[in-house]
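Visitor: I'd like to ask some things about the structure below.
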Amino acid sequence: MINARKIELLAPAKNLECGIEAINHGADAVYIGAPKFSARAAAGNTLEDIQALALYAHQFNARVYVALNTIVKDEELEETEKLIWDLYHAKVDALIIQDMGITMLNLPPVPLHASTQNDNRTADKAKFLEQAGFSQIVLARELTMDEIRVIFSQISTPLEAFVHGALCVCYSGQCYLSEAISKRSANRGACAQFCRLPYTLLDNEGKSVVQKKHLLSMKDLNLSEHLEEMMDAGVSSLKIEGRLKDLSYVKNVVTYYRQKLDKILARRPEYVRASSGSSTYTFVPNLEKSFNRGYTEYFFNGRTPDMWSIDSPKSIGEPIGKIKEVFDRFFTLSGTKLLSNGDGLCFLTENKELQGIRVNRIEGEKVFPAENHLSLRKGTFVYRNYDHEFEKILGKKSAERKIDVSISLHETSKGFHLYIEDEDGTSASLEVELAKETAQKDPTENIKNNLSKTGNTIFRVTAVELNLSGNWFIPASLITDWRRKLIDNLLEIRLANHIIEEVSHKLTTHAFPTKNITYLGNVMNKKSELFYTQHQSVVQEPAFERKQQKAVPLMFTRHCIKQSMGWCPKETSTRPPYKEPFFLLYNATKLRLEFDCKNCEMKVFEN
């Protein structure tokens, strides 16, 4: 017998509406920001909304994880503890945390997931977190398939990995650039995204190498063609990034990954879906129609060229075609049959700057823009970053998720017995007393049709069985009432049966992989310091947010500007015609680059 591993499609939820639609469009779980202390400070939600989302998700055996993944000040610990108890009573399925001090609080038996902000890159780190009681580990985005496989081989805790969305250039939890420059801490949920700014690359003599390019801005991750490889490498939770993304993004991307994943599950019995029900859709998903800076597979199959979105940090959308001719009032474009009035187009100017125009109307090959378009040139490639018709479809109800059930009606000595069972084997029954009267004509079809009507409920009746000895007359109003009570009973039982894992949080003292904790440990509070002390480490430096360290790296990244420029000493004997060190300049901000070629990493310092 195959011991199947549950595979979870994990979707982002900016708010309650996004969370519900993520579930409707096929997510097995959603993650949503807590009212406070979330790594996306702009995406906090009320306890009432989180509780409502959990109730909705649990109908489908889907889960709700709450992001509580910032580092916490000492004076915030009491509030954090209270919030965690409130979230537990709201019946969330797990908390995603970064601050190890949280594990030292008086916690309810709620599962804890180790955030990617914990910089989970090694098997040693994963083993430590498993022994510390974490129920799921969110891996660093930079890992290769082989690195994931090594971690999976040494632990039994489920692994979660990103499959889609925006990429931080720095290892998560190890970026201090925003805090150093603007006092906005990424580890406190307030990143100013200095990585998305245009920088001029200078050499040691002040020579300009590249001017005003987005040298630290990555393309967006897209591993949709590698889901099966990820599962085989050990990933159980496939995570879509995007807690700040809008509703149409969530609908489109979740649907795309749901359909890809279902095809794999249909032929791989060793993997099973982590939640119940199936969705039907009113649209065909297309990843290029949602926000993207161009796509990359990042390091999944090793270092590859062209990972960065060097020309712009904005969405480019889907490729359309080239400009054929430019006129005063319009231009002609190959592929105009794809366009609609109201579409948004974008293109790179001769200076490689992204510029957008909106389509006012289409006449055959002629595109009449709403703005000045004279910067367009013949041969310029055009993208569509807003599909008006597609967005209009997604603005309406675009998916419906149902759980299959079968209903049977039997007669008893005093009346009738109704029984309902869903696809998970959950069942409910109803006994009714009713004197039997013979109907004037066969009521079979009417009874079956009435029992099949489930309306706006989450259920879809796939079979109705009648076991009756005669053509008994049953008023339609009675059958309707019985069906409603039966379905209400089933839903109540489903919600009662949803398993929220309860974890006994125990004190542990096993050794942390790093003996001496520097600012990279993000130790913000005394509870966190106590955690590392109990795990045989010495806290030498507090979090960067508590005491800024001078002349230390503010970023650690696998992205390497030298490699992207074609100057990697491991890949070529060509030496750059410039003197190191290199610097990045943006207005008054000057950053120094250091290259650790042995470990294939780049470090960023404030000059």
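Mapping to my numbering: the sequence shown position 551 is 1073, numbers consecutive.
For every residue, glycine included, the Cβ atom is placed at its ideal position computed from N, Cα and C.
Computed from a predicted structure; not experimentally measured.
1. Is residue 686 helix, strand or coil by DSSP?
2. Just tell me which of 1112, 1129, 908 and 1104 has its CA closest to the CA of residue 725.
3. Less than 6 Å separating the Cβ of residue 993 from some heavy atom of the ligand MG?
4. Can you confirm whether the region 529-542 touches the region 760-769 when touching is taken to mean that 3 or more C-beta pairs between the two stretches lie within less than 8 Å?
5. Cα separation between residue 624 and residue 567?
6. Under 7 Å, do residue 1132 and residue 751 count as touching if we go by C-beta distance?
7. Mapping DSSP to helix, strand and coil, what is residue 804?
8. Please specify which runs of the alpha helix (DSSP H), each continuous and at least 4 residues long, are wholly inside the region 639-712, giving them in chain order.
9. Take residue 653 as the anchor and find which of 1088, 1085, 1102 and 1032 has the nearest alpha-carbon.
10. Whose CA, out of 1005, 1072, 635 and 548, lies closest to the CA of residue 588?
11. Considering only DSSP beta bridges, list what residue 618 is partnered with.
12. Roughly how many angstroms separate the alpha carbons of residue 699 and residue 705, rounded to a whole number?
13. Output yes or no for whether 7 Å exceeds the beta carbon distance between residue 854 and residue 807.
14. Rounded to the nearest angstrom, what separates residue 850 and residue 571 at their Cα positions?
15. For the alpha helix (DSSP H) that residue 873 lies in, which residues bound it at each end?
16. How far does the alpha helix (DSSP H) with residue 969 in it extend, from its first residue to its last?
17. Just mark residue 1085 as buried or exposed, buried being the case when its beta carbon has 16 or more other beta carbons within 10 Å.
18. Starting from residue 1086, trace the alpha helix (DSSP H) in both directions and tell me its first and last residue.
19. Since residue 1142 contacts residue 867 with CB under 8 Å, what's their CB separation in whole angstroms?
20. Relative to the alpha-carbon of residue 773, which residue among 822, 547, 671 and 1081 has its alpha-carbon at the smallest distance?
21. Does the distance from the C-beta atom of residue 988 to that of residue 931 stay below 7 Å?
22. From which residue to which residue does the alpha helix (DSSP H) around residue 912 run?
23. Classify residue 728 as buried or exposed, calling it buried when 16 or more other Cβ atoms lie within 10 Å of its own Cβ.
24. Buried or exposed for residue 789, please, with buried defined as at least 16 other CB atoms from any protein chain shown within 10 angstroms of its CB.
25. Here's the rule: buried if 16 or more other CB atoms are within 10 angstroms of the residue's CB, otherwise exposed. What is residue 580?
26. Who are the near neighbours of residue 998 in its chain, counting only those whose CB is closer than 8 Å to its CB and skipping five residues on each side?
27. Which residue from 646, 1012 and 991 puts its Cα closest to that of residue 951?
28. Is it true that the region 619-633 meets the region 1012-1031, where meeting means three or more beta-carbon pairs spaced less than 8 Å apart?
29. State the Cα-Cα distance for the pair residue 590 and residue 641, rounded to the nearest angstrom.
30. Could you work out which residue in 538, 1110, 1081 and 529 is closest to residue 818 when comparing CA atoms only?
31. Locate the beta strand (DSSP E) running through residue 594, then write down its first and last residues.
32. Suppose you measure from the CA of residue 911 to the CA of residue 865; what does that come to, to the nearest Å?
Guide: If we stick to the structure as given:
1. For the purposes of this step, residue 686 is taken as the residue at position 164 of the sequence shown. Looking at residue 686 - three-state DSSP - the assignment turns out to be strand.
2. Position 203 of the sequence shown holds residue 725. The candidate whose alpha carbon is nearest that of residue 725 is 1104.
3. With respect to the ligand MG, the structure shown offers nothing to examine, as it has no ligands at all.
4. yes
5. Your numbering for residue 624 matches position 102 in the sequence shown. Your numbering for residue 567 matches position 45 in the sequence shown. The alpha-carbon atoms of residue 624 and residue 567 are separated by roughly 20 Å.
6. Outside the shown range of the chain, which is 523 to 1129, sits residue 1132, and nothing can be said about it.
7. Residue mapping note: residue 804 aligns to position 282 of the sequence shown, counting from 1. Correct three-state label for residue 804: coil.
8. 645-653, 667-676 and 699-704
9. Within the sequence shown, numbered from 1, the residue matching residue 653 stands at position 131. It is 1032.
10. Indexing the sequence shown from 1 puts residue 588 at position 66. Residue 588 has its Cα closest to that of 635, out of 1005, 1072, 635 and 548.
11. Taking the sequence shown and counting its residues from 1, one reaches residue 618 at position 96. Paired residues: 589 and 635.
12. The sequence position of residue 699 within the sequence shown is 177, counting from 1. The sequence position of residue 705 within the sequence shown is 183, counting from 1. Each residue's Cα considered, the two are about 9 Å apart.
13. The residue labelled residue 854 in the question sits at position 332 within the sequence shown. The residue labelled residue 807 in the question sits at position 285 within the sequence shown. Not a contact, by the Cβ cut-off of 7 Å.
14. If you number the sequence shown from 1, residue 850 lands on position 328. If you number the sequence shown from 1, residue 571 lands on position 49. If you take the alpha carbons of residue 850 and residue 571, they lie about 52 Å apart.
15. Numbered from 1 along the sequence shown, position 351 holds the residue referred to as residue 873. Unbroken run through residue 873: none, as it is neither H nor E.
16. The residue given as residue 969 occupies position 447 in the sequence shown. Its alpha helix (DSSP H) spans residues 966-974.
17. Counting from 1 along the sequence shown, the entry for residue 1085 is found at position 563. By the neighbour-count rule (16 or more Cβ atoms within 10 Å), residue 1085 is buried.
18. Mapped onto the sequence shown, residue 1086 falls at position 564. Annotation: the continuous alpha helix (DSSP H) that includes residue 1086 extends over 1083-1086.
19. The shown model of the chain, from 523 to 1129, leaves out residue 1142, and the question about it has no answer.
20. What you label residue 773 is simply residue 251 of the sequence shown in a count that begins at 1. Considering only alpha carbons, the answer is 547.
21. Working through the sequence shown from its first residue, we reach residue 988 at position 466. Working through the sequence shown from its first residue, we reach residue 931 at position 409. Their beta carbons are under 7 Å apart, which means residue 988 touches residue 931 by this criterion.
22. Sequence index remark: in the sequence shown, residue 912 carries index 390 (1-based). Note, residue 912: alpha helix (DSSP H), 910-916.
23. Translated into positions along the sequence shown, residue 728 becomes position 206. Under this definition residue 728 is an exposed residue.
24. Position 267 of the sequence shown, counted from the first residue, corresponds to residue 789. Around the C-beta of residue 789, fewer than 16 other C-beta atoms lie within 10 Å, and the residue is accordingly described as exposed.
25. One-based indexing of the sequence shown puts residue 580 at position 58. It counts as buried.
26. Within the sequence shown, residue 998 is the residue found at index 476, counting from 1. If we look at residue 998 and ignore the five residues flanking it on each side, its Cβ neighbours are 968 and 972.
27. Within the sequence shown, the letter at position 429 stands for residue 951. It is 1012.
28. Cβ pair count under 8 Å is three or more, so yes.
29. By 1-based counting over the sequence shown, the position of residue 590 is 68. By 1-based counting over the sequence shown, the position of residue 641 is 119. Each residue's Cα considered, the two are about 16 Å apart.
30. Numbered from 1 along the sequence shown, position 296 holds the residue referred to as residue 818. Measuring C-alpha to C-alpha distances from residue 818 to each of 538, 1110, 1081 and 529 identifies 1081 as the nearest.
31. As a working mapping, residue 594 is identified with position 72 in the sequence shown. Residue 594 -> no beta strand (DSSP E), and no H or E assigned at all.
32. To locate residue 911, count along the sequence shown from 1; it is residue 389. To locate residue 865, count along the sequence shown from 1; it is residue 343. For residue 911 and residue 865, the distance between alpha carbons rounds to 8 Å.
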